[in-house]
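Take 124 as the starting number for the sequence shown in my numbering and just add one per residue.
We put the CB at the ideal spot given by N, CA and C, even for glycine.
From a predicted model like this one, the values you see are computed outputs, not experimental measurements.
For reference, the structure is listed below as structure tokens.
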Amino acid sequence: FNHNLKHNESKLTEIFRIAVIGSYGEYLLPHKSLLPVIDYINTNFPDRIMLVWPMGTEIDYFTSGNSVVPSYWFNEGALFAIVQREKGNDVYIHEHENTIINIIRKYKPDLFVDVGSTDMIKKVMVYRGKDEPAFYFNIHETPMLRLGRFASLDDFPEILEYLNAHYEFKGYFGKARLWVRK
Numbered sequence: 124f125n126h127n128l129k130h131n132e133s134k135l136t137e138i139f140r141i142a143v144i145g146s147y148g149e150y151l152l153p154h155k156s157l158l159p160v161i162d163y164i165n166t167n168f169p170d171r172i173m174l175v176w177p178m179g180t181e182i183d184y185f186t187s188g189n190s191v192v193p194s195y196w197f198n199e200g201a202l203f204a205i206v207q208r209e210k211g212n213d214v215y216i217h218e219h220e221n222t223i224i225n226i227i228r229k230y231k232p233d234l235f236v237d238v239g240s241t242d243m244i245k246k247v248m249v250y251r252g253k254d255e256p257a258f259y260f261n262i263h264e265t266p267m268l269r270l271g272r273f274a275s276l277d278d279f280p281e282i283l284e285y286l287n288a289h290y291e292f293k294g295y296f297g298k299a300r301l302w303v304r305k
């Protein structure tokens, strides 16, 4: 299956997809910003076990690899930690870092993929309260003031330190980063 088809579709195909299939904005195909890392993984590391941070559904589905965890959604904990740090409370940053590092230690994924800086993650999430669900706004479609931002893995230095000690950094693929277990 050629996942590039969506990104090269004609206007007529786009209108058909929107009108008949009801697919607008959210696709059943990978986001364009993920294509370089998906292609690299499929070519060089097929059938590997991986951990994708902060959201791994598209990488897991469109590669022949397998996720080490049943949940792909680390973004809410990460963003909550960033919001708390901006309020002067660093405890949640360390808790999130420890959670991710413990998952890496326990499951020993062959690959660690960071998609936090890709265009796929360009969403702003606002917390109403710790126990209430988050709202999502797509910053490209919703005119609004900056209410927060999503962090890149660079905002979690303990995770980077652990990865660099136990994994080999393979490089940037678009804005996604990839590490391979040593």
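Could you please give me the residues that DSSP links to asparagine 189 through a beta bridge? BP columns for asparagine 189 point to Ile172.
Valine 192 versus threonine 136 - alpha carbon distance: Looking at the two C-alpha atoms, the distance is approximately 36 Å.
Three-state secondary structure (DSSP) at valine 238? Reduced to three states, the DSSP call for valine 238 is coil.
Relative to the alpha-carbon of lysine 231, which residue among Glu284, Asn221, Tyr290 has its alpha-carbon at the smallest distance? Taking lysine 231 as reference, the option from Glu284, Asn221, Tyr290 with the minimal CA-CA separation is Tyr290.
Residues bridged to glutamate 209 [DSSP beta-bridge criterion]: DSSP, once it has assigned bridges, lists no residue as partnering glutamate 209.
Can you find at least 3 beta carbon pairs, one from the stretch 223-238 and one from the stretch 202-209, that sit closer than 8 Å? Using a C-beta cut-off of 8 Å, the stretch 223-238 makes no contact with the stretch 202-209, since fewer than three inter-stretch Cβ pairs fall below that distance.
Count the other CB atoms within 10 Å of the CB of phenylalanine 124; is the residue buried (16 or more) or exposed (fewer)? The predicted position of phenylalanine 124 is uncertain, since its pLDDT is 47 and thus under 50; no value can be drawn from it.
Using the beta-carbon count (16 or more within 10 Å), is glycine 241 buried or exposed? Note that residue 241 is threonine in the sequence shown here, rather than glycine. Burial check for threonine 241: the Cβ neighbour count within 10 Å reaches 16 or more, so the residue is buried.
DSSP-derived helix/strand/coil call for glycine 179: Reduced to three states, the DSSP call for glycine 179 is coil.
Looking at C-alpha atoms only, which residue of Ala288, Asp278, Asp213, Ala201 is the closest neighbour of arginine 228? Ranking the options by Cα distance to arginine 228, first place goes to Ala288.
Taking 6 Å as the limit between beta carbons, can you name the residues of its chain near tryptophan 302, skipping five residues before and five after? Answer for tryptophan 302: Phe235, Leu286, Tyr290, Phe292, listed in chain order.
Burial state of proline 280, where buried means 16 or more other Cβ atoms lie within 10 Å: Note on proline 280: under 16 other CB atoms within 10 angstroms of its CB, so exposed under the neighbour-count rule.
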